[in-house]
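Everything below concerns the one structure shown next.
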Amino acid sequence: MPHQYDFLVIGSGIAGLSYATKLAIHFEQVNTPVRIAVITKVQADETNTKYAQGGIAAVWDEDDSFEKHIEDTMIAGDFLSDRKIVEIVVREAPGRIQELIEYGTRFDKEADGDYDLAREGGHSDHRILHFKDITGAEIERALLEKAQSMKSIEIFTHYYAVELITRHSLGETVHRYDTDNRCFGAYVLNTQTGGVEKFLARTTLLATGGIGNIYQNTTNPTIATGDGIAMAYRAKAIAKDMEFIQFHPTALYEPGKKPNFLISEAVRGFGGVLRNLKGETFMEHYDPRLSLAPRDIVARAIDSEMKKAGAQHMYLDVTHCDYDKFVEHFPNITAYCRDKLGIDIRKDFIPVVPAQHYLCGGVRVDEHGRTNIQFLYAVGECSCTGLHGANRLASNSLLEAVVFGHRAYLDTVAHLEQAEIPDTIPDWNDAGTTHPEELVLVTEMKRELESIMSNYVGIVRSNRRLKRAMDRLELIYLEHEELYRQSKVSVPICELRNMIEVSYLVIKMAMARRENTGLHYNIDL
Numbered sequence: 001m002p003h004q005y006d007f008l009v010i011g012s013g014i015a016g017l018s019y020a021t022k023l024a025i026h027f028e029q030v031n032t033p034v035r036i037a038v039i040t041k042v043q044a045d046e047t048n049t050k051y052a053q054g055g056i057a058a059v060w061d062e063d064d065s066f067e068k069h070i071e072d073t074m075i076a077g078d079f080l081s082d083r084k085i086v087e088i089v090v091r092e093a094p095g096r097i098q099e100l101i102e103y104g105t106r107f108d109k110e111a112d113g114d115y116d117l118a119r120e121g122g123h124s125d126h127r128i129l130h131f132k133d134i135t136g137a138e139i140e141r142a143l144l145e146k147a148q149s150m151k152s153i154e155i156f157t158h159y160y161a162v163e164l165i166t167r168h169s170l171g172e173t174v175h176r177y178d179t180d181n182r183c184f185g186a187y188v189l190n191t192q193t194g195g196v197e198k199f200l201a202r203t204t205l206l207a208t209g210g211i212g213n214i215y216q217n218t219t220n221p222t223i224a225t226g227d228g229i230a231m232a233y234r235a236k237a238i239a240k241d242m243e244f245i246q247f248h249p250t251a252l253y254e255p256g257k258k259p260n261f262l263i264s265e266a267v268r269g270f271g272g273v274l275r276n277l278k279g280e281t282f283m284e285h286y287d288p289r290l291s292l293a294p295r296d297i298v299a300r301a302i303d304s305e306m307k308k309a310g311a312q313h314m315y316l317d318v319t320h321c322d323y324d325k326f327v328e329h330f331p332n333i334t335a336y337c338r339d340k341l342g343i344d345i346r347k348d349f350i351p352v353v354p355a356q357h358y359l360c361g362g363v364r365v366d367e368h369g370r371t372n373i374q375f376l377y378a379v380g381e382c383s384c385t386g387l388h389g390a391n392r393l394a395s396n397s398l399l400e401a402v403v404f405g406h407r408a409y410l411d412t413v414a415h416l417e418q419a420e421i422p423d424t425i426p427d428w429n430d431a432g433t434t435h436p437e438e439l440v441l442v443t444e445m446k447r448e449l450e451s452i453m454s455n456y457v458g459i460v461r462s463n464r465r466l467k468r469a470m471d472r473l474e475l476i477y478l479e480h481e482e483l484y485r486q487s488k489v490s491v492p493i494c495e496l497r498n499m500i501e502v503s504y505l506v507i508k509m510a511m512a513r514r515e516n517t518g519l520h521y522n523i524d525l
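Those letters in the sequence shown? Residues 1 to 525, by the UniProt record's numbering.
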């Protein structure tokens, strides 16, 4: 029997949980019973949200202003951001964050009770609310507790979405720019049983996070394999701005470790200074804002210094900072450096390297989080709202997710009566497929894919590198498609399929971008 729900949420981070929670609260208040399914591929709290250290940005102080936050966002995005969207997000930010606080989220405060507002690279004022250096984990904790307390929400852990159910699933021909394509839920793999189950829903929300694992170095958890973007693209949704991939300039240098441990942007906001292997500062050669320049500039500067020196990393120096206050703000970073690498931040520099951190593009949505497929929404890192433009401003990502989670919820409620599910949707068909005897092919193809993307489609690109990447990716695609057609679905096989899909989109859009802007830097342009 299929699972029948009013709402299906794919992903349990800040975007998915804020949307689901608001739906549950709304229908409880109007005394209308509904069923909300939240599916997540591992445990419920293993999300990109959980790994966000720095904080969430909002105008919170009377000395700050919406206009300043808007302008900072536009500048960081190299003025490719949609100003209408930027204004929406910035102006709605305080209200959405107040709701997070009401759900139980804690943010650090000063001794007088006011919130301790941090400043990060690209921001002209102190406006970052944070909880130590584990802000994302704190927001995830509060939202998850709130969602689990709602009777109408059912959370399915270890369930992996394989494909969206659309008109194509009914045997109809659908084109990417058709206006009457519709989503009816998803085919979902129960990883405990190995069976693919049908989750039908009047409205579906994608909140599946980013694409970090197409790269060798990433701060993303291992679940970030571009699943939502790839599923939506196969279902004929429109993708946008996939070439704009943000590399965090200061991931901890630990060869062979994945994901990379993140040294938060807020450490530089606190006073951390970048140095080369000789102990010399170098940011003065790249930007007047020095170590507080936006991430794309800092990442390229570190990449340039590493190439010039033939080095594997640079350094971040916090030895001059107030140690007690540093530990208070960054206890997790302090302990990790000490316990894992034996680094005493009072006298030792921290080795850092750029690592893939955030995708500014994704599934194209409007100001309500709607995709071009009816009754399919996308929120969070898997979506492209127009907020980030060519480069995300620090701490705007958690903010975007909670603002658009709210806007998608409002739009869902407004249009729910129009959503109907046909009774002719077929079950998943895997006739003629078998379990592959070994997955070594998947492992090898994944390793090659990571190498292609890291070496040819990273911080600095060229026409030759991009063409080589596309040519080699096509060979992997053909090899994997043959394996996929013959095999019963599994998480490794499906993840690799999605990683190939999003890598294709990144390369394709990088080749089409004819000017250097924001996070896209091609030495031939």
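Quick reminder that beta carbons are idealized off the backbone N, C-alpha and C, glycines included.
Quantities reported herein were computed from a predicted structural model and do not represent experimental measurements.
Quiz item: Going along the chain, which unbroken runs of the alpha helix (DSSP H) with 4 or more residues stay wholly within the region 120-147?
Solution: Runs of the alpha helix (DSSP H) inside the region 120-147: none found.
Exercise. Check each candidate in I10, L393 and V34 and name the one with the smallest Cα separation from V413.
Key: As a first step, residue 413 is located in the sequence shown; it is residue number 413 there, counting from the start. Nearest C-alpha to V413: V34.
Self-check item: Reference V162, options S152, A142, L410 and T191, closest by Cα
Solution: Counting from 1 along the sequence shown, the entry for residue 162 is found at position 162. Checked all of S152, A142, L410 and T191; the closest Cα to V162 is T191.
Quiz prompt | When M242, A299, F326 and L475 are compared against H248, the one with the closest alpha-carbon | solution = Locating residue 248 in the sequence shown gives position 248, where the first residue counts as 1. Measuring from the Cα of H248, the nearest candidate turns out to be A299.
Practice problem: Entirely within the region 309-343 and at least 3 residues each: give me those beta strand (DSSP E) ranges in chain order. | Solution: You should have 314-317.
Quiz item: Using the C-alpha atoms, what's the distance from E243 back to I373?
Solution: Mapped onto the sequence shown, residue 373 falls at position 373. Mapped onto the sequence shown, residue 243 falls at position 243. Answer to the nearest angstrom: the Cα atoms are 23 angstroms apart.
Quiz item: Where does the unbroken alpha helix (DSSP H) through A37 begin, and where does it stop?
Solution: Locating residue 37 in the sequence shown gives position 37, where the first residue counts as 1. Following the DSSP letters along the chain, one finds A37 in no alpha helix (DSSP H) but inside the beta strand (DSSP E) bounded by residues I36 to T40.
Quiz item: Among residues of its own chain, excluding the 5 on either side of I134, which ones have a beta-carbon nearer than 7 angstroms to its beta-carbon?
Solution: Taking the sequence shown and counting its residues from 1, the one referred to as residue 134 is at position 134. The beta carbon of I134 sits closer than 7 angstroms to those of Q53 and N332, all from its chain and outside the five residues before and after it, given in chain order.
Exercise. If I'm right that L143 touches Y103 with Cβ under 8 angstroms, what's the distance once you round it to whole angstroms?
Key: Position 143 of the sequence shown, counting from 1, holds the residue named residue 143. Position 103 of the sequence shown, counting from 1, holds the residue named residue 103. About 6 angstroms separates the beta carbon of L143 from that of Y103, a gap short enough to meet the 8 angstroms contact definition.
Quiz item: Taking one C-beta from the region 208-227 and one from the region 471-489 each time, how about it: are there three or more such pairs within less than 8 angstroms?
Solution: With a cut-off of 8 angstroms on Cβ pairs, the region 208-227 is not in contact with the region 471-489, counting fewer than three such pairs.
Quiz item: For E120, which option in E67, G271 and A311 has the closest C-alpha, if you only look at C-alpha atoms?
Solution: Position 120 of the sequence shown holds residue 120. Ranking the options by Cα distance to E120, first place goes to G271.
Exercise. Enumerate in chain order the residues of its own chain whose CB-to-CB distance from V90 is below 6 angstroms, with the five nearest sequence positions on each side excluded.
Key: One-based indexing of the sequence shown puts residue 90 at position 90. Answer for V90: F66, H69 and I70, listed in chain order.
Exercise. Express the C-alpha separation of E515 and N260 in angstroms, rounding to a whole number.
Key: Residue numbering aside, residue 260 sits at position 260 when the sequence shown is read from its first letter. Residue numbering aside, residue 515 sits at position 515 when the sequence shown is read from its first letter. Distance between the alpha carbons of N260 and E515: 30 angstroms.
Practice problem: Specify whether the region 160-177 and the region 424-434 touch according to this definition: at least 3 beta carbon pairs, one from each stretch, less than 8 angstroms apart. | Solution: Three or more beta-carbon pairs separated by less than 8 angstroms link the region 160-177 to the region 424-434, which places the two stretches in contact.
Quiz item: Per DSSP, which one or two residues make a beta bridge with Y115?
Solution: One-based indexing of the sequence shown puts residue 115 at position 115. Answer is K109, bridged to Y115.
Quiz item: How is C360 classed by DSSP in three states: helix, strand or coil?
Solution: Indexing the sequence shown from 1 puts residue 360 at position 360. If DSSP states are grouped into helix, strand and coil, C360 belongs with coil.
Exercise. Report the option in L393, T281 and T204 whose CA atom is closest to the CA atom of E265.
Key: As a first step, residue 265 is located in the sequence shown; it is residue number 265 there, counting from the start. It is L393 whose Cα lies nearest to the Cα of E265.
Quiz item: What is the residue span of the beta strand (DSSP E) that H3 lies within?
Solution: In the sequence shown, counting from the first residue as 1, residue 3 sits at position 3. Counting along the chain, the beta strand (DSSP E) containing H3 begins and ends at H3 to I10.
Quiz prompt | Simplified DSSP assignment, three categories, for S487 | solution = Taking the first residue of the sequence shown as position 1, residue 487 is located at position 487. Strand.
Quiz prompt | Buried versus exposed, by CB contacts within 10 Å (16 or more), P255 | solution = Within the sequence shown, numbered from 1, the residue matching residue 255 stands at position 255. Burial state of P255 is exposed, judged by a 10 Å Cβ sphere holding fewer than 16 other Cβ atoms.
Quiz prompt | A96, buried or exposed, once every other Cβ within 10 Å from all chains shown has been counted against 16 | solution = Translated into positions along the sequence shown, residue 96 becomes position 96. The sequence shown places Arg at residue 96, not Ala. It is buried - the Cβ of R96 has at least 16 other Cβ atoms within 10 Å.
Quiz item: Just how far apart, CA to CA, sit L290 and C321?
Solution: Here residue 290 is taken as the residue at index 290 of the sequence shown, counted from 1. Here residue 321 is taken as the residue at index 321 of the sequence shown, counted from 1. A straight-line Cα-Cα distance of about 17 angstroms links L290 and C321.
Exercise. Quick one: grab the DSSP three-state call for K307.
Key: Here residue 307 corresponds to residue number 307 of the sequence shown, with the count starting at 1. K307 falls in the helix class under three-state DSSP.
Self-check item: Coarse secondary structure for Q246, derived from DSSP in three states
Solution: Taking the sequence shown and counting its residues from 1, the one referred to as residue 246 is at position 246. In the structure shown, Q246 falls within a strand segment according to DSSP collapsed to helix, strand and coil.
Practice problem: Would you be able to state if there are at least three C-beta pairs under 8 angstroms between the region 70-85 and the region 146-155? | Solution: The region 146-155 vs the region 70-85: no contact.
Quiz item: In terms of DSSP beta bridges, what is L277 paired with?
Solution: Within the sequence shown, numbered from 1, the residue matching residue 277 stands at position 277. For L277, DSSP records no beta bridge to any residue.
Self-check item: 7 angstroms CB neighbourhood of V86 in its chain, flanking five on each side removed
Solution: Start at 1 with the first residue of the sequence shown, and residue 86 comes out as number 86. In the same chain as V86, and ignoring 5 residues on each side of it, the C-beta atoms closer than 7 angstroms to its own belong to I70, T73, M74 and L387, in chain order.
Quiz item: From A293, L277 and E367, pick the residue whose C-alpha is nearest to that of G310; which is it?
Solution: Residue 310 sits at position 310 when you count from the first residue of the sequence shown. For the residues A293, L277 and E367, the minimum Cα distance to G310 belongs to L277.
Practice problem: Pick helix, strand or coil for H406, following the three-state DSSP scheme. | Solution: Locating residue 406 in the sequence shown gives position 406, where the first residue counts as 1. Residue state, collapsed to three classes: helix.
Self-check item: For Y160, the residue or residues it bridges with in DSSP
Solution: Position 160 of the sequence shown holds residue 160. Under DSSP, Y160 takes part in a beta bridge, and its partners are L189.
Self-check item: Cut-off 7 angstroms between Cβ atoms - residues of its own chain near I263, not counting five sequence neighbours on either side
Solution: Residue numbering aside, residue 263 sits at position 263 when the sequence shown is read from its first letter. The residues are T250, A251, L252, L316, I333, I350 and V352.
Quiz item: In chain order, what residues of the same chain have a beta carbon less than 6 angstroms from the beta carbon of Y5, not counting five sequence neighbours either side?
Solution: Stepping through the sequence shown from its first residue, residue 5 is reached at position 5. Closer than 6 angstroms at Cβ, skipping near neighbours: R35, A37 and A201.
Exercise. Drop a sphere of 10 angstroms on the beta-carbon of S451, count the other beta-carbons inside from all chains shown, and report buried for 16 or more, exposed for fewer.
Key: Start at 1 with the first residue of the sequence shown, and residue 451 comes out as number 451. So S451 counts as exposed.
Quiz item: Counting pairs of beta carbons, one from the region 181-189 and one from the region 359-376, are three or more of them closer than 8 angstroms?
Solution: With a cut-off of 8 angstroms, the region 359-376 and the region 181-189 count as touching, because enough Cβ pairs lie within range.
Quiz item: Buried or exposed: where does V30 fall if 16 or more other Cβ atoms within 10 Å of its Cβ makes it buried?
Solution: Taking the sequence shown and counting its residues from 1, the one referred to as residue 30 is at position 30. Exposed is the call here.
Quiz item: Given D61, which residues of its chain have a CB within under 8 angstroms of its CB, disregarding the five upstream and five downstream residues?
Solution: In the sequence shown, the residue the question calls residue 61 occupies position 61. Answer for D61: L117, D125, H126 and R127, listed in chain order.
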